[in-house]
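Structure, as structure tokens:
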DNA sequence: AGGTCTTGCTTACGACGTAAGCGTAAGAGA
DNA sequence: TCTCTTACGCTTACGTCGTAAGCAAGACCT
């Protein structure tokens, strides 16, 4: 009879599956993302998802790329330094908004289209700044590691190493201070400003790239 | 009677459990490390392991620290630059020998004693080079990320992105080259020498640290 | 000799990823 | 309008996982 009958329950699609999984991970952590749970959140059985996703790995890869797709695009109107800063900071803040994503992105080998777009933008920026292709390639890897892995470390420390067997307090006094003197001394006085640290390394990369550009050009 | 009777089957211990798990991971990959399989490789039931390991997370954390414990110690007889290079390269090569370890180390929050010793050595080196405690702290994080995450990326690319949905060849021609022009152009000419890239970033870090030391001292 | 502690084993539970096959509804061709 | 194909979601089932609970037997101390 009514030809649009099934609209009582919106039709499934890869995008809807991925979106549901991302939402689940955002709200209840990555461990909450199982085929069954994603199914439940869509009002559907687990096995139905397999029509739209090859397997769980494919789903996880899709989630990662979904998040990376939210990275801002390159601003071509500014100098390469500022352009690179924009790309890196934008990626950083998106990753912070989805704390499970950095870990997934670093731990799995697949590279989706959004990630390719991102590295393309980074390389484009570096080339525009005068890098040789080889230098742009190497620097891109360094930038990628900074974006994904530094952010990941930041997120881990944010939860606090305190929670995981080696509390900070214990390190700063007694046996800890004796066994790891430099670390203890440093932790005692250093500030733990994630943003500042992230920027510190970013500038460190930029300065290094700058130098590599000029030495390769100048001879 | 004989008080040392049970030696027919060497007694279990945390170290033996960890060693068996590490060996399993080395030989058959991290996925092969399940409580039951580790048990089998020790001639023991899975549940027996729980006398020596709190749970599986504890086992994984132990494996990571076991590998990190093999990192070479700091050479205090050379300058800070060479000392840092030694630490980083030593860590790098140990991680390459246990391909599963870098991924585990970056993905889990716990920090064991061996890792603390490692970062203590790094910080000691940096302080000896004239870093302020704050700078040593920040630079240490950058070094840690380089050691663990850059190595991890290297291992992932070694298996080849080719295997995972976005083959290199496809990128270099046709649609790939159109969608990601800078990336395609760069990949076409760049060499992929992991060692060189690792050294490139290491020197980049050292130069940056050097500069940060001198600017903070000089005012 | 009797009691306690240690250590490994047995059994069992719930959750996971997913292979195989079924029923049904939508859309195309006659 | 009627059939035929195709796409989609569901059902059932299997093997594997981590681990809770409790038992049994040897080691050690008194």
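Protein chains in written order, with the numbering used here: chain U, 1 to 219; chain A, 1 to 219.
C-beta: ideal position from N, C-alpha, C; glycine also.
- Using beta-carbon distances, residue 133 of chain U counts as an interface residue toward chain A, with a partner under 8 Å.
- Setting aside the 5 residues that flank it on each side, residue 212 of chain U is surrounded in the same chain by 131, 135 and 139, each with a C-beta closer than 8 Å to its C-beta; the list follows chain order.
- Within chain A, not a single residue places a beta-carbon under 8 Å from that of residue 99 of chain U; the smallest gap is close to 12 Å.
- Counting only residues of its own chain and dropping the five nearest sequence neighbours on each side, residue 95 of chain U has a CB closer than 6 Å to the CB of 101, 102 and 151.
- For residue 189 of chain U, at least one C-beta of chain A is nearer than 8 Å to its own C-beta.
- Exclusion of the five residues before and after residue 114 of chain A leaves 65, 68 and 69 as the residues of its chain whose Cβ lies within less than 7 Å of its Cβ.
- Rounded to the nearest whole angstrom, the CA to CA distance from residue 39 of chain U to residue 98 of chain U is 21 Å.
- At a cut-off of 8 Å, the C-beta of residue 52 of chain U has no neighbouring C-beta in chain A.
- By the rule that beta-carbons nearer than 8 Å mark a contact, residue 150 of chain A touches chain U.
- Put simply, the CB of residue 14 of chain U is far from chain A, with every gap to its CB atoms at 8 Å or more.
- Excluding five sequence positions before and after residue 149 of chain A, the CB atoms of its chain that fall closer than 6 Å to its own CB belong to 106, given in chain order.
- Residue 179 of chain A sits away from residue 204 of chain U, with the two beta carbons spaced by 8 Å or more.
- Residue 37 of chain A places its beta carbon less than 8 Å from that of residue 24 of chain A.
- Between the beta-carbon of residue 156 of chain A and that of residue 109 of chain U there is about 5 Å, and that keeps the pair under the 8 Å contact cut.
- Remark: C-beta atoms of residue 59 of chain A and residue 32 of chain A do not approach each other more closely than 8 Å.
- By the criterion of a C-beta distance shorter than 7 Å, residue 119 of chain A is surrounded in its chain by 140 and 144, once the five residues flanking it on both sides are discounted.
- Per DSSP, reduced to three states, the secondary structure at residue 50 of chain U is helical.
- Among the CB atoms of chain U, one or more fall inside 8 Å of the CB of residue 109 of chain A.
- Cβ contact annotation for residue 124 of chain U (same chain, cutoff 7 Å, sequence separation greater than five): 74, in chain order.
- From the beta-carbon of residue 141 of chain A, the residues of chain U found nearer than 7 Å are 153 and 197.
- For residue 14 of chain A, the closest of A:29, A:28, A:34 and A:54 by C-alpha to C-alpha distance is A:54.
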